[in-house]
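Peer 1: Residues -36 to -1, 1 to 363 (mature numbering (1 follows the signal peptide of the UniProt record, and there is no 0)) are what the sequence shown spells out, left to right. Glycine included, each C-beta is placed from N, C-alpha and C at the ideal position. Questions regarding the structure given below will be posed in turn.
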Amino acid sequence: MKQRIKNIRKNTHLMAITSLMACAVLTGTLAKPAHAACSSPTALAGTLEWFSGTTEFKYCDGTNWLSMAGGTVTWVQSGSNIYYNTGNVAIGTTNSQGLKLAVNGGLRLADSGTACNATYKGVMRYSAAKNIEFCNGTSWKALAGPTIETCSVQEYTTPGSHSYTVLPGCEDLAIETYGAGGGGGYSTYGGGGGGSSRVQDESNTIIALGGGGGGGAGDSSAQGGGGGGGYGKKIVTLSAGDNLLVVVGEGGESGCGTNGGTGGNPDGGTFGNNSNGGNSTYGGGGGGDGGGYRGGASTYGGGGGGGDGVNNDGSTTDYGGAGGADAQYLCGTSTYGGPCGGEKSGGGGGSGIGDLVLRGLNGNSFQGGPAANNGPGQGATDSSSCARGGNGKVVIRPF
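Shown next as structure tokens:
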């Protein structure tokens, strides 16, 4: 019993000593002055703190609060989003090729102003026209929208004016134009030249044109057939919404009754009635009346055939075929089209404007000339009163 009391007193004494030592240590620690290393907020060196104003972590280096990010901070964080608007991003490659995002593996994105070329084949973008598009190496194509059925071939065969609107996704076009055939001479009366076929853009620039064939001459013994229409083809890349003017030429009229034939439309020259044939710009020149009257002139259509007994050198054209003449006299002239055919009486073949230009064949004293590229603008046969050469044609083919 005495021993137990003795042990209790001993343990109590040890606990008291331990408590006093702990208090002494704690008192010594608290007694030291608390020197703050950083301010705003106050913290010791090594403290990590989140700064909501700049949305970043900073640490205290013993004097100042420093950002956890080293070097230049390129990405900007806003909430749960990060942004980079000072350049382009490349993933898995060191070359972004100037694209907004280039991922080694096939994904490449461009902004709406990037031009499409072979370097960017396969790149996608959201266009200013609000379409998702891809670059095919030449032009931008819409991923959604017109199908190949929508981008269908348009063929115009009715003489006169038409319109064509370029559809989204159908901007690459092959445009083919076929000129009309010239009228043949009948008895002593000259045939009218064939009208030209053309396509113009909104600035009235001719994209492609097929010139008209020249009219055959009147000759009491050897009338001439009309010249075949010319051909012009152009490959173009236009913009969706562009509007094109499409004009199909009309065949020139053969010498008719007791007059020359009228020039094929558009706005073909008037027939000669005790007069020369009328002039035209895009249509054919009118055929001259018999007894010394020449055919009319044109710029793009065929020249009118002359009546018998006259030089037809006043009948001129640039892209159409030359007008024929009485075999004893001078033919009409053409800058790019064919000269008179046969024994001078046949109309010349038309020429054209485009990347590819083919000339129709000349008429002669037996028949009209075939059109270029198997077109419909065959020249009218001689000695067929009031007959017309074949009309022209325009084909617009998206690809």
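Where do the N-terminal and C-terminal ends of the beta strand (DSSP E) with K198 fall, by residue?
Peer 2: Y195 to T201 is the span of the beta strand (DSSP E), which, as asked, contains K198.
Peer 1: Count the CB pairs spanning the stretch 159 to 176 and the stretch 259 to 271 that are closer than 8 Å, and state whether there are at least three.
Peer 2: Segments in contact, yes.
Peer 1: Cβ of residue 369 within 7 Å of Cβ of Y84?
Peer 2: There is no way to answer for residue 369, as the model of the chain reaches only from -36 to 363.
Peer 1: Below 6 Å CB to CB, which residues in the same chain sit around E214 once its five sequence neighbours on both sides are set aside?
Peer 2: So the list reads P123, A144, G159, G228, N229 and N355, once near-sequence residues are dropped.
Peer 1: Using alpha carbons as the reference points, say which of C350, G196 and P5 lies closest to G157.
Peer 2: Out of C350, G196 and P5, C350 has the C-alpha closest to the C-alpha of G157.
Peer 1: Please list, in chain order, all residues of the same chain as G26 whose beta carbon is under 7 Å from its beta carbon, the five residues on each side excluded.
Peer 2: The residues are A1 and A9.
Peer 1: Would you mind giving the Cβ-Cβ distance between T280 and G250, rounded to the nearest angstrom? I have them listed as a contact below 8 Å.
Peer 2: The Cβ separation is near 14 Å, so there is no contact.
Peer 1: Can you give me the C-alpha to C-alpha distance between residue 364 and A82, rounded to a whole angstrom?
Peer 2: The structure shown has nothing for residue 364, since the chain only spans -36 to 363.
Peer 1: Suppose the cutoff is 7 Å on Cβ atoms and the five residues either side in sequence are ignored; what does the same chain contact list for G273 look like?
Peer 2: Same-chain partners within the cutoff: G255, G256 and D290.
Peer 1: Rounded to the nearest angstrom, how far is the Cβ of G233 from that of G260, given a contact under 8 Å?
Peer 2: 4 Å between Cβ atoms; contact.
Peer 1: Does the beta-carbon of Y90 have 16 or more other beta-carbons within 10 angstroms, so that it is buried, or is it exposed?
Peer 2: By the neighbour-count rule (16 or more Cβ atoms within 10 Å), Y90 is not buried but exposed.
Peer 1: Got a sec, what are the start and stop residues for the beta strand (DSSP E) C24 sits in?
Peer 2: E20 to C24 is the extent of the beta strand (DSSP E) around C24.
Peer 1: Can you tell me where the beta strand (DSSP E) holding D136 begins and where it ends?
Peer 2: Note, D136: beta strand (DSSP E), D136 to Y142.
Peer 1: Sorted by chain position, which residues of the same chain lie with C-beta nearer than 7 Å to E166's C-beta, five sequence neighbours on each side aside?
Peer 2: So the list reads D206 and N207, once near-sequence residues are dropped.
Peer 1: Helix, strand or coil for Y84 per DSSP?
Peer 2: Note: Y84 maps to helix in three-state DSSP.
Peer 1: Would you tell me roughly how many angstroms separate the C-alpha atoms of D346 and G190, rounded to the nearest one?
Peer 2: Cα to Cα, D346 sits roughly 7 Å from G190.
Peer 1: If you draw a straight line from the alpha carbon of S315 to that of A138, how long is it in whole angstroms?
Peer 2: So the alpha carbons of these two residues sit roughly 18 Å apart.
Peer 1: Helix or strand or just coil, what does DSSP make of N337?
Peer 2: Three-state DSSP puts N337 in a helix.
Peer 1: Applying the 10 Å Cβ sphere with the 16-neighbour rule, what's the burial state of P(-4)?
Peer 2: In this predicted model, P(-4) has a pLDDT of only 45, less than 50, meaning its place in the structure is not dependable enough to derive any value.
Peer 1: What separation, rounded to the nearest whole angstrom, lies between the Cα atoms of I55 and A7?
Peer 2: Whole-angstrom Cα-Cα distance: 40 Å.
Peer 1: How big is the Cα-Cα spacing for P362 and G353?
Peer 2: Answer to the nearest angstrom: the Cα atoms are 29 Å apart.
Peer 1: Could you check whether the Cβ of G324 sits closer than 6 Å to any heavy atom belonging to the ligand MG?
Peer 2: No copy of the ligand MG occurs in the structure displayed, which carries no ligand at all.
Peer 1: Could you tell me which residues DSSP pairs with V358 in its beta bridges?
Peer 2: DSSP lists Y120 and T141 as partners of V358.
Peer 1: Please identify the residue among A204, P340, L294 and K64 whose C-alpha is closest to the C-alpha of V130.
Peer 2: The shortest C-alpha separation from V130 is found at A204.
Peer 1: Can you give the Cα-Cα distance for G248 and G193, rounded to whole angstroms?
Peer 2: Going from the Cα of G248 to the Cα of G193 covers about 11 Å.
Peer 1: Residues in its own chain within less than 6 Å of L320 by CB, not counting five upstream and five downstream?
Peer 2: The answer, listed in chain order, is K197.
Peer 1: Go to Q164, then tell me how far its beta strand (DSSP E) extends in each direction, as first and last residue.
Peer 2: Unbroken beta strand (DSSP E) run through Q164: S161 to Q164.
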